[in-house]
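Chains as they are written, first to last, in this note's numbering: chain U, 176 to 707; chain B, 1144 to 1455; chain Z, 16 to 263.
Glycine is no exception: its CB is placed at the ideal position from the N, C-alpha and C atoms.
Encoded as structure tokens, the structure appears first; notes follow it.
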Amino acid sequence: MSEREIMEYDVIIVGAGPAGLSCAIRLKQEKPDLMVAVIEKSSEIGAHILSGAVIEPEPMDELLPGWRDDPPPICIPVEKDEIWLLSQKGRRRLPTPPQQKNHGNFIVSLGAMCAWLANKAEALEVDIFPGYAAAEVRFTPEGAVGGVIIGDMGVGRDGGQKDTYMQGIEIHAPITILSEGVRGHLSKQLIRKFDLDSDSDPQTYGIGMKELWRVQPGKARPGLVQHTAGWPLDSKTYGGSFIYHLDKDRIAIGFVCGLDYEDPEFVPFEAFQQMKNHPMVHEMLEGGEILSSGARAIVEGGYQSLPKTEMPGALIIGDSAGTLNVPKIKGTHQAMRCGILAADHIAKTSSVEGFDAMLRDSEVVRELYKVRNIRPAFYKGFWRGFIRAAIETITAGKLPTTLSIHPDDSSLEKLAGYAPPDRQWVDRDLPPRDRLASVYFAATAHDEDQPVHLQILEPDICSTRCVEEYNNPCTRFCPAHVYEMVEDGGSRELQINSANCVHCKTCDIKDPYQIINWVTPEGGSGPNYQNM
Amino acid sequence: MSRILIIAEHDGTALNISTAKCVTCAQAMGGDIDIAVFGDAIDSVAAEAAALDSVNKVIAVSAGHLAAPLAVNWAAEAVALASDYSHLLGPSTTFGRDLMPRIAALCGVNQVSDIMEVDGTNAFRRPVYAGNAIVLVEPGSATKVVATVRIASWKAAGGSGSASVENAGASSSPAAHTRYVGLTSEGGERPDLQSANKVVSGGRALGSEENFELIYGLADKLGAGVGASRAAVDAGYCANDMQVGQTGKIISPDLYMAFGISGAIQHVTGIKDAGTIVAVNKDSEAPIFEIADIGLVGDLFNVIPELENLLG
Amino acid sequence: MKILVGIKRVVDYNVRVRVLPDGSGVDTDGVKMSVNPFDEIALEEALRIKEAGKADEVIVVSAGGDECQQQLRTGLAMGADRAIQVQTSEALQPLSVARVFLKIIEREDPGLVILGKQAIDDDNSQTAQMLAALWDRPQATFASNMDIDGASATVIREVDAGLETIEIDLPAVVSVDLRMNEPRFVKLPDIMKAKRKPLEVISVEDLGVAIDGQISVSQFTPPPQRDKGIMVEDAAQLVQELKNRGLL
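Here's what the structure looks like:
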């Protein structure tokens, strides 16, 4: 192995999402001479960004004061909020809780907004490199984080070098910012290595699935923000839908499902599709067409699960740490704030030390603290959760107790003795017909001749223990139909269709044996979301 | 009145069916139709061209240096004839796509590529963005129209015509800077998947590499190319370059027969422009039946042998 | 010798292309734009020829608005020495592009011009042939292999019937097909180096090219839906049906 080429920066940021880009912009605003680079595994900024999204604009006002005169391409002021409780055929309007009062907020395409932020960052001379994946952390001789190693490209499925082989370079930097989004693969390694979660609860997640639709003229009401709860989920499964009405006859529709669900046979994708076929939603979508679709895990542990965010040479910010506000279902403003705080800290001290303490004393964590008990309240089911959530909201989180967060990977009930609830699901007729058809709209692309990026650490378990205990739930929770159990002369083997992967990280999270390890494929691979 | 000149595609011995298809397109355009045959010792080809329906006249230009279909030489001949014509047509095959733009540039005009449909006088429809959009192209009548004809969109004209054949010598001398060396068919007698008019494809239901022989057998009987779904390729039943679909080859044969292929959209993307899609699958709910022109719910292991029997 | 490589900014091949509801074009809003894949292959070939010592400069050329500078910089990052943007706000059709290239050829006097065989937006496959005609030089289209030997080249072309071999004298125009090569990845440090390589902007007027003879292209519609099919009961019916349709 030849010596890797080295590039040096003052700060290297991994991941061009709202946290990373805000950090980059702020760093250059405060210290224009700092050498800052952002690397991003997707082929283009925004291609791997998937979010509802309704955002609170305050951090944007702080970072880019003139932004309202030159807003991101898709940016619609919220006009109205509606919360609905659905039953199979019916619906009941619920009062809008304060966290869902969106006056003054904006419906955006977070992907388009990140591309817009990236332009701002480049104008400040941040070097942004889409199409390059940070495959490994680079450690200094003293054991601190000292940058990252870009993944080799042009590697064949068997690990050999193809004609196009290009060794990944090393990026050396005294400060590395991990802003990889939910369940970042380098963040996961570093949290383990530096024991950053020893004092926090396990992290918990949801899966968010989304489709962007162009509907028949008149069906979309720009600025309308709708959320639903209830059907098609049962009372023990946390989640609900969002329906955000954009301009140009477009509707962003999605579904979030807590990954602490217990039914091993549950198919989150199907729940999403069922919701679309509820009469209230079906009416909006019929005659329309899907423009884009995809999925991404959402981080839900909040305050209790927030790990220590600093380690020698690096910081973890945004959803890689877990700053999303669950009852608001908003993480962007928190991620941006976090990125700005990190930049301020680095500009002031030229180091990462003290950031964690400063973060915990900041608006970011204060906001998380206020709502810390809402998500875990739902461990007792929908109605008890709803009541507790109401109490927590009214008391603004000032009650002395703090509920603990449970991990997702141990929440599945074993098949034997488990009876799933009657879901009252219907025959549905809206596209996409199945996960394969859905993944088509994610425009996900992976060179098939490359190592499989989903590592199964103990492959024997799949066809022995897992099939018995849970009937291979990965074949159901993956929204992209990556995992299949195929008959191969008498035995059933796991087949991994890694080319379908949309990089949502659900498998890495939900697999009950924690043997699935998601690593980054060749830079530029993965979804090509447009306006998601 | 339009005067259309079709540049014939041939291999020295026989006309390529693409020429008959150009005639049909020319018929749709309306006007007098002449065919130019360039080459050396082209009597039989000229006679075949003269037998095509609705052809007025065949101009056979014969010279040693025209034996090889080099665009530089054939374009010079076409341009020498062009002043008598309002429209020059060629097929959108590698031959026509190589030749016709050179003619267009020499005539000082842009070219209309891949005519799918004639929509009025000098109004044509053609595919762009790999067939994801169809556009209306209107070259207008002020200048000559040079165009290529999308072969998959037109039927071949019949052969009951009786045009006259006019023989002529070459107008131009051979271009010294381009020399023809030779042509080799790609290995094997089976037609290349990308360009075959008939393709037989197999899916994971075949079950094994050995069973894939059934597909090869039927293909050979039909003179067809062979394709596969990604699932079959991933399962190791056949080589990677046989994959048809979004991440494999996008093909548009006249006849596509899919055996044991479920028809996921990723596969269907590869064949959406096929002429006739036939699907045989045990599962009546398989998505392929939604786009197949002819569907048969049945076990391919029974159907394929039956087909072979019937085909004799 | 110098090699000119033409590159076009097109909608990325991964994008699910959609027609605008008013039929005026396809939806390019927020859509990823890239170097035309065949043009990347053309550039890769030019770079390999230079690395083999048979050329001393590779110049990438693009005709378009300032956005195409992004693609020219990608070309420079891959290894081209210089870039030229012929600035125009109008979408040029192949004859105009060929005329533009002819002017650049007059300026630069290259030994070889390598283009992609077609752009994946218009799918015209005309520019290389037209340029060769205007320049009165050889054309070698759909090339999958090229061997330069002094003042001439042996090119293998992918044709329907198989592989055709021709010999052409340089200077000439070659258009490349998919199987010519696999373009290299760009190394990060080279992206930085590319920022410092020369990128010249010349307006199409200053170049002296009149854009005329453009053909009207309108009424973008989605492809026709396939008609609903029929079901048959058995192999015999299938064969009969195929015979009826003239397919057997």
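Taking the beta carbon of U/Pro273 as the centre, do at least 16 other beta carbons fall within 10 Å, making it buried, or is it exposed?
Mapped onto the first sequence, residue 273 of chain U falls at position 98. Exposed, by the Cβ-count rule.
Within the 7 Å Cβ cut-off, does U/Leu629 reach chain B?
Residue 629 of chain U sits at position 454 when you count from the first residue of the first sequence. Judged by the 7 Å Cβ criterion, U/Leu629 is not in contact with chain B.
Taking Cβ positions, are U/Pro150 and U/Ala287 nearer each other than 7 Å?
Chain U is shown only over 176 to 707; residue 150 of chain U falls outside these bounds and no answer can be derived.
For chain U, find out if any of its Cβ atoms is closer than 7 Å to the Cβ of B/Ala1407; answer yes or no.
In the second sequence, counting from the first residue as 1, residue 1407 of chain B sits at position 264. Interface residue (Cβ-Cβ distance to chain U less than 7 Å): B/Ala1407 is classified as such.
Based on the DSSP output, what are the partners of B/Val1308 in its beta bridges?
Residue mapping note: residue 1308 of chain B aligns to position 165 of the second sequence, counting from 1. Answer is B/Val1201.
Would Z/Leu110 pass as a contact of Z/Ala78 if the rule is Cβ separation under 7 Å?
Within the third sequence, numbered from 1, the residue matching residue 110 of chain Z stands at position 95. Within the third sequence, numbered from 1, the residue matching residue 78 of chain Z stands at position 63. No. Outside cutoff.
Could you give the residue range of the beta strand (DSSP E) that holds U/Met727?
In the structure as shown, chain U begins at 176 and stops at 707. Residue 727 of chain U is therefore absent and cannot be evaluated.
Identify every run of the beta strand (DSSP E) within the segment 640-685 of chain U, keeping only runs that are complete inside it and at least 3 residues long; order them along the chain.
As far as the segment 640-685 of chain U is concerned, its whole beta strand (DSSP E) runs of at least 3 residues are 658-663, 666-671.
Touching or not, the segment 1156-1172 of chain B and the segment 1189-1206 of chain B, by the rule of three or more beta carbon pairs under 8 Å?
yes
Under the rule that 16 or more other beta-carbon atoms within 10 Å means buried, what is U/Lys255, buried or exposed?
For the purposes of this step, residue 255 of chain U is identified with residue 80 of the first sequence, where counting begins at 1. So U/Lys255 ends up on the exposed side.
Within the present structure, is the beta-carbon of U/Cys637 separated from the nearest heavy atom of the ligand NAP by less than 6 Å?
Here there are no bound small molecules, and the ligand NAP is not part of this structure.
Pick from U/Gly393, U/Val540, U/Glu697 that is closest to U/Val501, judged by C-alpha positions:
The count along the first sequence starts at 1 and reaches residue 501 of chain U at position 326. Looking at the Cα atoms, U/Val540 is the closest of the given residues.
Quick one, are the C-beta atoms of U/Ile631 and U/Leu434 less than 7 Å apart?
Residue mapping note: residue 631 of chain U aligns to position 456 of the first sequence, counting from 1. Residue mapping note: residue 434 of chain U aligns to position 259 of the first sequence, counting from 1. No, the Cβ-Cβ distance between U/Ile631 and U/Leu434 is not below 7 Å.
Contact criterion: CB-CB distance below 7 Å. Does Z/Ile226 meet it with respect to chain B?
As a first step, residue 226 of chain Z is located in the third sequence; it is residue number 211 there, counting from the start. No, Z/Ile226 does not count as interfacial toward chain B.
Kindly list, in the order they appear in chain Z, the residues whose Cβ is closer than 8 Å to that of U/Phe553.
Residue mapping note: residue 553 of chain U aligns to position 378 of the first sequence, counting from 1. Near U/Phe553 there are no residues of chain Z at all, since even the closest Cβ is about 36 Å away, more than 8 Å.
Chain-ordered neighbours of U/Phe304 on chain Z, where CB pairs are closer than 8 Å:
Walking along the first sequence from the start, residue 304 of chain U turns up at place 129. Simply Leu203, Ile206.
What's the C-alpha gap between Z/Asp137 and B/Val1271?
If you number the third sequence from 1, residue 137 of chain Z lands on position 122. If you number the second sequence from 1, residue 1271 of chain B lands on position 128. The alpha-carbon atoms of Z/Asp137 and B/Val1271 are separated by roughly 5 Å.
Enclosing alpha helix (DSSP H) for U/Cys198 [first to last residue]
The residue you call residue 198 of chain U lines up with position 23 of the first sequence. Run containing U/Cys198: 193-205, per the alpha helix (DSSP H) assignment.
Any idea what DSSP makes of Z/Asn160, helix, strand or coil?
Here residue 160 of chain Z refers to the residue found at position 145 of the third sequence. Strand.
Proximal chain B residues relative to Z/Gly177, where beta-carbon distance stays under 7 Å:
Numbered from 1 along the third sequence, position 162 holds the residue referred to as residue 177 of chain Z. Those are Leu1326, Thr1327, Ser1328, Glu1329, listed as they occur along chain B.
Which residues of chain B have a Cβ atom closer than 7 Å to the Cβ of Z/Ala113, listed in chain order?
On the third sequence, position 98 is the one that residue 113 of chain Z refers to. Per Cβ cutoff of 7 Å: Ala1248.
Quick check: what's the CA-CA separation for Z/Glu60 versus Z/Met195?
To locate residue 60 of chain Z, count along the third sequence from 1; it is residue 45. To locate residue 195 of chain Z, count along the third sequence from 1; it is residue 180. Rounded to the nearest angstrom, the two C-alpha atoms are 8 Å apart.
Label U/His278 either buried or exposed according to how many other C-beta atoms from any shown protein chain fall within 10 Å of its C-beta, with 16 as the threshold for buried.
For the purposes of this step, residue 278 of chain U is identified with residue 103 of the first sequence, where counting begins at 1. So U/His278 counts as exposed.
Going by C-alpha to C-alpha distance, which of U/Met660, U/Ala404, U/Asp333 sits closest to U/Glu257?
Your numbering for residue 257 of chain U matches position 82 in the first sequence. It is U/Ala404 whose Cα lies nearest to the Cα of U/Glu257.
U/Asp422 and U/Arg389 - do their beta-carbons sit closer together than 7 Å?
Counting from one through the first sequence, the residue named residue 389 of chain U turns up at place 214. Counting from one through the first sequence, the residue named residue 422 of chain U turns up at place 247. No, the pair does not count as a contact, with Cβ atoms beyond the cut-off.
Neighbour-count burial assignment, Z/Asn51, 16 or more Cβ in a 10 Å radius:
Counted from its first residue, the third sequence places residue 51 of chain Z at position 36. That one is buried.
Between U/Glu355 and U/Trp600, what straight-line distance do the alpha-carbon atoms span, to the nearest angstrom?
As a first step, residue 355 of chain U is located in the first sequence; it is residue number 180 there, counting from the start. As a first step, residue 600 of chain U is located in the first sequence; it is residue number 425 there, counting from the start. Going from the Cα of U/Glu355 to the Cα of U/Trp600 covers about 36 Å.
Kindly indicate which three-state DSSP category B/Pro1244 falls into: helix, strand or coil?
In the second sequence, the residue the question calls residue 1244 of chain B occupies position 101. Three-state DSSP puts B/Pro1244 in a helix.
Is the CB-CB distance between U/Gly476 and U/Ile580 below 7 Å?
Locating residue 476 of chain U in the first sequence gives position 301, counting from the first residue. Locating residue 580 of chain U in the first sequence gives position 405, counting from the first residue. In this structure, U/Ile580 lies closer than 7 Å to U/Gly476 by Cβ.
Quick one: grab the DSSP three-state call for B/Lys1364.
For this step, residue 1364 of chain B is matched to residue 221 along the second sequence. B/Lys1364: helix per DSSP, three-state reduction.
Please name the residue or residues paired with U/Lys255 in a DSSP beta bridge.
Against the first sequence, residue 255 of chain U aligns to sequence position 80. DSSP lists U/Leu399 as partners of U/Lys255.
Say whether chain B places a C-beta atom closer than 7 Å to the C-beta of U/Leu611.
Translated into the one-based positions of the first sequence, residue 611 of chain U becomes position 436. Yes, U/Leu611 counts as interfacial toward chain B.
I need the DSSP call for U/Gln274, collapsed to helix, strand or coil.
Taking the first residue of the first sequence as 1, we reach residue 274 of chain U at position 99. Looking at U/Gln274 - three-state DSSP - the assignment turns out to be helix.
Closest Cβ-Cβ distance between U/Ile130 and chain Z: below 7 Å?
Within the shown structure, residues of chain U are numbered from 176 to 707, placing residue 130 of chain U beyond reach of any answer.
Is the Cβ of U/Tyr704 closer than 7 Å to any Cβ of chain B?
By 1-based counting over the first sequence, the position of residue 704 of chain U is 529. So, not an interface residue.
Assumed close pair U/Gln378, U/Ser226 - CB separation to whole angstroms, cut-off 8 Å:
If you number the first sequence from 1, residue 378 of chain U lands on position 203. If you number the first sequence from 1, residue 226 of chain U lands on position 51. The C-beta distance from U/Gln378 to U/Ser226 rounds to 18 Å, too long to meet the 8 Å contact threshold.
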